[in-house]
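In structure tokens:
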């Protein structure tokens, strides 16, 4: 049997736990039973990457019945070797928190509150505003008579939280509209 | 990073400056400590003693904003002590180039300065050229006008005494750092410089990094294992988002955004494709037209043809010299030049400088689209403290966005490794990833144009777009396709198949790629290489930890950039124990070399190592920057002193700023604001804190805004540890809790005592009682090259608060 670094670590980890528990006079059978009833038992392992700094530590997400039940540093990844910082270690509570935004919200002009909306309505409203701005403000030629095809009155800020694929989508989308005010965290 | 995280372990001397790596990139420290365990000396030069300092061999306090003085002193030391690596400098850098007679430098100003425009005409910063157009070189370095000698004279003013006076670093400490770091000028030693936004967020940010480049070139530390200039990039995918250019001035893959004077693709290519007159320079950017045409083909597909200039004319053209960055967008907003826009995954109403200006500016928008995980100071700006919502006109659409484990795709780490992440769970509620927002939004806009018509619909309607967002689909688009059947090395690729490497991209419309740097990341032969998890390495690769089979890195899986500089003219490594590449039996082994050519000793086919520079040489003299070919010390836009020892030019002659009623500055040595403020983040919070403040365990660990100050300053101001205090600048005031500490000490600057305080910027009013934006204090003064604001140094005052309203 070929041992990967990870399976080796798992064995050593389990062995160390048994040893320490035995040392305190526990029955090894109980320790083994405990080890097999860890909350990640039977969970699907999914490889992800910590969403904070650009060390980009790899993380294993454990999923059971479609729910995230645990996260830990990926011990096989050569950069973090299983380590995570305080933020990376708090990934799970980031997903289980109650504070998340879960529905599109709308704040009307001069209103003092948010109102829930559905996605179709929201995207149609935004599309309408973008088109109105573009149709009214599009600059075909500059003062020198050069063709510039530019929309200056709409801007795009963000984000380095986007994946590479999403960044490609955002850049292409903005240039096709003629947007030139494009910026994100690389500049602050 | 020129190198990558693991490679830090190969270093003999590590200079951490402009970074608090242990705090902000905690896991990077694993590799710093591994180098230390193997005998490396680790040094931290930073205003504040921090978690990083605690793990280093020693900490050297420096006044924020004086890095160029410190580094200029090191350049002077290298030259005076003869610590430079002669074979490397003579063969691989432009030390030998002779400067044209037009170049001059007097009293802090380079030739060509226009005081009215605050810009330089850079044409005088040129090299002497022969009849063929090639730069004149003097390999003996005897010519008084060769770069080496001009540089030596430039930095001869950076004596220990002068540097010490302005930085506040003792001469003894200066010598300690200089001696240890410059000992890496030997062929078999390597030193690395690790920096972060502590260097970039200054009005001289780019020149801070230029100064480090000069040092690393003089010491022969670029291209080697354990060397390099390593930007510890902060944001999760800021490497990738920069590569893909969520920036006004670039197209994806580091091409200039089109300007109005480049009306055709031919004009664009002519202006942006460099030509070299040095026979053995690779001049890689000579390939630019292939990458730009492939990008246009990727964007517009079959609509892009040679006859219509591949739709180049459809792209927006910027005005030459106009700035469309964040700071300018905000200023235009304040002046009612903006209707609306998108703010996704960023919280400018907490993290932008001079935040009171930013918050007021946002009120001027008709509409705003925010995509976030939580309500933020940006999404809820209309109900900020002191604001009356019934007077705020802005419509806000707040879109719930998916978190990392709820989506799939790739990110690029700071070492340019492309890492795939899988989707673990469905997004919370109705949350969506950004791709699932923008792709249907553009389709909705397209539908409106299709139905109703409108202004210039072609670029939208003829876009090579998708019905739905799929990360794999876009990862392949980024890699690129063949658009007609093509034979490569005897193998036929059909239209629609993936391009194997960027060497196969063409300027004739037969290929597409949304970013040439990433071509080769997903191939017909090997599939999606960002998913690779194979730790195998050759013995040579394992010695330095290259891991070539784990994930993939741009460009073309090269793990250490400029690695041709790690070998001598014969292709033998300078340091055989930590070889990056080696020429063996007519082929390169080790890392992927910077191009396939043989070593330079082969006069016909060999190539110079700095392949991205037109003439192939590392640039000690860098004519490309807007504020000078050599870094020069200038004080921050707000300075506690009215003069410095290097020239009568107090501040950068080129830094940018705005002039609204909000853009106020303290005068030099202003008695109202005598204290230097620097800002930072912390491990437990992320940047503006919009995400981490909503995670209870992280908020509990770091619950509220504090200000670190020395015991001496606290005594002077009658402030005790734990007191509520008010910090004021010319732009605003902020409440914080005093943290009186020995981690900060007063400096002696130009003979007088200068205090420096430090504050995190992670707190905002949407998290009740934790305090509000520190950035309300910082300046809207920017680096002229990047327009990055100077949030690392400004001038303030501090007093004990009678009562607190922002902090519970």
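Protein chains in written order, with the working numbering: chain H, 1 to 188; chain A, 189 to 996. Even glycine gets a Cβ: it sits at the ideal position worked out from N, Cα and C.
In terms of DSSP beta bridges, what is residue 845 of chain A paired with?
-> According to DSSP, which records beta bridges pairwise, residue 845 of chain A is partnered with A:969.
First and last residue of the beta strand (DSSP E) that includes residue 750 of chain A?
-> Careful: residue 750 of chain A lies outside any beta strand (DSSP E) and carries neither H nor E.
In chain H, which residues lie with their C-beta within 7 Å of the C-beta of residue 894 of chain A?
-> Here the premise fails: no neighbours, minimum Cβ distance about 17 Å.
Residue 979 of chain A: first and last residue of the uninterrupted alpha helix (DSSP H) it sits in = First-last for residue 979 of chain A: undefined, no H or E at that position.
If you draw a straight line from the C-alpha of residue 279 of chain A to the C-alpha of residue 759 of chain A, how long is it?
-> 13 Å
Element boundaries [beta strand (DSSP E), containing residue 150 of chain H] = 147–157
Is the CB of residue 735 of chain A under 8 Å away from at least one CB in chain H?
-> With a threshold of 8 Å between beta carbons, residue 735 of chain A makes contact with chain H.
Under 7 Å by beta carbon: chain H residues contacting residue 428 of chain A | 164 and 167
Spell out whether any CB of chain A is found under 8 Å from the CB atom of residue 158 of chain H.
-> yes
Checking contacts by CB at 8 Å: is residue 37 of chain H closer than that to chain A?
-> no
Look at the Cβ atom of residue 487 of chain A, then the Cβ atom of residue 652 of chain A, and state whether they are nearer than 8 Å.
-> yes
Could you say if the stretch 88–107 of chain H and the stretch 648–664 of chain A meet the contact criterion of at least three C-beta pairs nearer than 8 Å?
-> No, they do not touch.
At a CB-CB cut-off below 8 Å, which residues of chain A make contact with residue 135 of chain H?
-> 642 and 643
Give the C-beta separation of residue 764 of chain A and residue 844 of chain A to the nearest angstrom, bearing in mind that I take them to be a contact with Cβ-Cβ under 8 Å.
-> 48 Å between Cβ atoms; not a contact.
Under 8 Å between C-beta atoms, does residue 65 of chain H make it to chain A?
-> no
Just by C-beta distance, which residues in the stretch 94–115 of chain H are closer than 8 Å to chain A?
-> 94, 95, 97, 99, 100, 101, 102, 103, 104, 105, 106, 107, 108, 109, 110, 111, 112 and 114
Run through DSSP, which three-state label would residue 215 of chain A get?
-> helix
Spatial distance of residue 21 of chain H from residue 45 of chain H (CA atoms) | Since pLDDT at residue 21 of chain H reaches only 44, below the 50 mark, its modelled position is unreliable, and the value read off the structure follows with that caveat. For residue 21 of chain H and residue 45 of chain H, the distance between alpha carbons rounds to 27 Å.
Which partner residues does residue 315 of chain A have in the DSSP bridge list?
-> A:287
Using three-state DSSP, classify residue 204 of chain A as helix, strand or coil.
-> Residue state for residue 204 of chain A is assigned as strand, using DSSP reduced to three classes.
Below 8 Å, can you find three or more Cβ-Cβ pairs linking the stretch 152–169 of chain H to the stretch 189–208 of chain A?
-> no
Find out if the Cβ-Cβ distance for the pair residue 532 of chain A, residue 178 of chain H is shorter than 8 Å.
-> no
Can you give the Cα-Cα distance for residue 536 of chain A and residue 890 of chain A, rounded to whole angstroms?
-> 21 Å
Rounded to whole angstroms, what's the CA-CA distance from residue 530 of chain A to residue 597 of chain A? Just pull it up for me.
-> 22 Å
If you count every other CB in all the chains shown that lies within 10 Å of the CB of residue 242 of chain A, and 16 or more means buried, which is it?
-> exposed
Reducing DSSP to helix, strand and coil, say where residue 363 of chain A ends up.
-> Collapsing the DSSP output to three states places residue 363 of chain A in a helix.
Helix, strand or coil: how does DSSP classify residue 23 of chain H here?
-> The pLDDT assigned to residue 23 of chain H is 49, lower than 50, so where the model puts this residue is not dependable; a value taken from the coordinates is nonetheless given after this. Helix, per DSSP.
Per the contact definition of three or more C-beta pairs closer than 8 Å, is the stretch 299–318 of chain A in contact with the stretch 432–445 of chain A?
-> no
Could you say if the stretch 69–78 of chain H and the stretch 427–443 of chain A meet the contact criterion of at least three C-beta pairs nearer than 8 Å?
-> no
Inter-residue Cα distance where the pair is residue 944 of chain A and residue 990 of chain A = 23 Å
What is the rounded straight-line gap between the Cα of residue 994 of chain A and the Cα of residue 589 of chain A?
-> 29 Å
Between the Cα of residue 43 of chain H and the Cα atoms of H:51, H:60, H:49 and H:56, which residue gives the shortest distance?
-> It is H:60.
For residue 121 of chain H, does the count of other Cβ atoms within 10 angstroms reach 16, so buried, or fall short, so exposed?
-> Exposed.
Are there three or more Cβ pairs, one per stretch, closer than 8 Å when the stretch 926–942 of chain A is compared with the stretch 957–975 of chain A?
-> no
Consider the Cβ of residue 124 of chain H: report whether some Cβ of chain A lies at a distance smaller than 8 Å.
-> yes
Distance CB(residue 895 of chain A)-CB(residue 915 of chain A) smaller than 8 Å | Cβ distance < 8 Å, so residue 895 of chain A and residue 915 of chain A count as in contact.
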